[in-house]
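Beneath this line is the structure, given in structure tokens, with notes to follow.
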Amino acid sequence: MTDRLGELTAAGVAVWLDDLSRVRLSSGGLDQLRREKHLVGVTSNPTIFAKALSDADEYDWQLRDLAIRGVDVEEAVRNLTAYDVRWACDVMRPAYDATAGVDGRVSLEVDPRLAYETERTVAEAKALWWLVDRPNLFIKIPATEAGLPAITATLAEGISVNVTLIFGLDRYSAVMDAFLAGLEQAKANGHDLSKIGSVASFFVSRVDTEVDKRLEKIGSADARALRGKAAVANARLAYERYTEVFSSARWQALADAGAHPQRPLWASTSTKNPDYRDVIYVEELIAPGTVNTMPEAVIHAFADHGEVRGDTVTGAYDDARQVFAGLESVGVDMADVIETLEREGVEKFEASWNELLDGVRKSLEAAVKGTGHPGAAAKGSAEAARKAGGNA
1 MTDRLGELTA
11 AGVAVWLDDL
21 SRVRLSSGGL
31 DQLRREKHLV
41 GVTSNPTIFA
51 KALSDADEYD
61 WQLRDLAIRG
71 VDVEEAVRNL
81 TAYDVRWACD
91 VMRPAYDATA
101 GVDGRVSLEV
111 DPRLAYETER
121 TVAEAKALWW
131 LVDRPNLFIK
141 IPATEAGLPA
151 ITATLAEGIS
161 VNVTLIFGLD
171 RYSAVMDAFL
181 AGLEQAKANG
191 HDLSKIGSVA
201 SFFVSRVDTE
211 VDKRLEKIGS
221 ADARALRGKA
231 AVANARLAYE
241 RYTEVFSSAR
251 WQALADAGAH
261 PQRPLWASTS
271 TKNPDYRDVI
281 YVEELIAPGT
291 VNTMPEAVIH
301 AFADHGEVRG
311 DTVTGAYDDA
321 RQVFAGLESV
331 GVDMADVIET
341 LEREGVEKFE
351 ASWNELLDGV
361 RKSLEAAVKG
371 TGHPGAAAKG
381 SAEAARKAGG
391 NA
């Protein structure tokens, strides 16, 4: 049988899972994916955790203990999510050790309501790093303007960071600059740079969703011909910027001190339009030194029928620029697209977080009253969060 995921790995793409739950951990499902599907990393977000809380039985004992202790809802959420992420870090530890700390990482996001507050984001990142207490943890920080200095400050503390919610090229360049500044400060602070990891999560399918909506509204033949092309073009041009930054003298000085590059991570890789090939955002974004985080369905789909055609990124920069020129010519304002996506991305994760808080609050109340499964109270809130946040 063709080992398509093995071929993808050999082409330089790290296979990560965009999902986490206690059922997946307790059943051994995550470890099975690591052993059998070349899985070397895990990402999570507020929507994923809100959905996980609907697995009532798995969380009952911890919810009861938290209720007995009188823990407030926000601290309860930290305890619940940190428990799962710590466990996942232990499951992924073999991949971490085998890759000298490059892979085997598990991501935990700061409270998305802090996306526009730099100092509180840094404080939360430090608290979560201490709480999980695993070297293969990534703290997720959104790439808002307020997030950029938080990224630098967090890295300067020796804390590994997954920068999330990146949609545009200019913001991505700013993220890489924040990363380099953070490592420079970490070095000055005496931290071992070889222990600090980072990825930059560049969102893919949401770009097509937004651009295609605008192309449909324009309605011309030229506009319709551009459907389904913006996201891949955007990501390819991001990779071009990555290769420029990480071949610079500034980067080389950090590399000589033991630093690992901040790899581009393709996020939001499930296909939202059923007319598009279900593995398009994997096949068309194969390049050395990248990460692709996928829902489990996409992992299995690629294992079944994905095609590895070598590097599908670095030879396609001119084609990507032509796509952008075409979008401009038909009247798509990409700057407005990016601004819209960032704002909506933060709003969706905030909505999921609020639903998660509401679900945990109800579960704690149920535990105190001794009525039914404590976790069951979160189920309705989790479903609402899933609808609010959508797939990453």
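What the sequence shown shows, in full-length UniProt numbering, is residues 1 to 392, in sequence order. Cβ coordinates follow ideal geometry from the N, Cα and C atoms, glycine included.
Exposed or buried, residue i, counting other C-beta atoms within 10 Å across all chains shown (16 or more means buried)?
i    : result
A10  : exposed
G372 : Low confidence applies to G372: its pLDDT is 49, below 50, so where it sits in the model is not reliable enough to give any reading.
G389 : Residue placement at G389 is flagged as unreliable, the pLDDT there being 47, under the threshold of 50; the coordinate-derived value follows with that caveat. The residue in question, G389, is buried, as its Cβ has 16 or more Cβ neighbours within 10 Å.
S381 : Interpretation of S381 is limited by its pLDDT of 49, a score under 50 that renders its predicted location unreliable; the figure taken from the coordinates is listed afterwards. Buried, since its Cβ has 16 or more Cβ neighbours within 10 Å.
D3   : exposed
A115 : buried
L53  : buried
A100 : exposed
H260 : buried
R343 : exposed
L8   : buried
E145 : exposed
Q322 : exposed
If you draw a straight line from the alpha carbon of residue i to that of residue j, how long is it in whole angstroms?
i           : j    : result
A280        : A143 : According to the sequence shown, residue 280 is Ile rather than Ala. Roughly 25 Å separates the two Cα atoms.
A249        : G258 : 14 Å
V85         : G326 : 43 Å
A384        : E347 : Note on A384: pLDDT 48, under 50, position unreliable in the model; the coordinate value appears next. If you take the alpha carbons of A384 and E347, they lie about 14 Å apart.
L169        : F179 : 15 Å
G12         : V71  : 44 Å
F349        : D19  : 15 Å
F324        : D311 : 21 Å
S352        : R113 : 10 Å
A367        : V132 : 25 Å
P274        : R236 : 22 Å
N391        : L17  : Per-residue confidence for N391 stands at a pLDDT of 45, beneath the threshold of 50, marking its modelled position as unreliable; no derived number is given.
residue 429 : I139 : The shown model of the chain, from 1 to 392, leaves out residue 429, and the question about it has no answer.
V23         : E119 : 34 Å
L63         : D212 : 43 Å
Y276        : A181 : 39 Å
M294        : G219 : 32 Å
A287        : W251 : 20 Å
A320        : N234 : 7 Å
E87         : A223 : It should be noted that the sequence gives Trp, not Glu, for residue 87. Cα to Cα, W87 sits roughly 48 Å from A223.
P94         : S21  : 20 Å
L365        : S173 : Per the sequence shown, residue 365 should be read as Glu rather than Leu. Between E365 and S173, the C-alpha separation is close to 46 Å.
V122        : A150 : 5 Å
A301        : V291 : 17 Å
R241        : S247 : 10 Å
Kindly indicate which residue of the options has the alpha-carbon position closest to the one of residue i.
i           : options                : result
V298        : A225, V15, D60         : V15
G369        : N354, A67, L20         : The amino acid occupying residue 369 in the given sequence is Lys; Gly does not appear at that position. Selected option, being the one with the closest Cα: A67.
residue 404 : R35, V23, S21          : Because the chain here runs from 1 to 392, residue 404 falls outside it and cannot be looked at.
V175        : A186, V199, L25        : V199
V337        : L215, N354, S247       : L215
T340        : T209, R93, F138        : T209
A188        : D212, F167, T152, L165 : T152
S44         : A181, R105, L63        : R105
T47         : G359, L364, N234       : G359
H191        : L165, A156, K217, F167 : A156
D304        : E283, K362, R24, Y239  : E283
K362        : L25, S21, D60, L8      : D60
N79         : V102, D319, L128, D57  : L128
D256        : D111, A231, L183, V291 : L183
I196        : A150, D177, L137, L148 : L137
G158        : T290, A98, Q185        : Q185
F167        : A98, E74, D177, A238   : A238
So what does DSSP say about residue i, is it helix, strand or coil?
i    : result
E124 : helix
F179 : helix
V199 : strand
L226 : coil
S173 : helix
P264 : strand
L17  : strand
P135 : coil
L5   : helix
E240 : helix
G306 : coil
R105 : strand
K348 : helix
V360 : helix
L193 : helix
T43  : strand
L165 : strand
N273 : coil
Answer yes or no: does any C-beta atom of chain D fall closer than 8 Å to that of residue i?
i    : result
R241 : Chain labels in this structure do not include chain D; a single protein chain is all it has.
Using a Cβ-based criterion (distance less than 7 Å to any ligand heavy atom), does residue i qualify as near the ligand ZN?
i    : result
E240 : In terms of ligand content, the structure shown is empty, and the ligand ZN therefore cannot be addressed.
Pairs of beta-carbons, one from the region 314 to 322 and one from the region 33 to 47, closer than 8 Å: are there three or more?
Put simply, the region 314 to 322 does not touch the region 33 to 47. Fewer than three CB pairs are less than 8 Å apart.
Check whether the region 16 to 34 touches the region 331 to 346, counting contact only when three or more Cβ pairs, one atom from each stretch, lie closer than 8 Å.
With a cut-off of 8 Å, the region 331 to 346 and the region 16 to 34 do not count as touching, because too few Cβ pairs lie within range.
Sufficient close CB pairs (3 or more, under 8 Å) joining the region 192 to 212 to the region 262 to 271
With a cut-off of 8 Å, the region 262 to 271 and the region 192 to 212 count as touching, because enough Cβ pairs lie within range.
Do the region 227 to 241 and the region 122 to 136 touch if we need at least three Cβ pairs shorter than 8 Å?
The region 227 to 241, when compared against the region 122 to 136, does not touch it at the 8 Å Cβ threshold.
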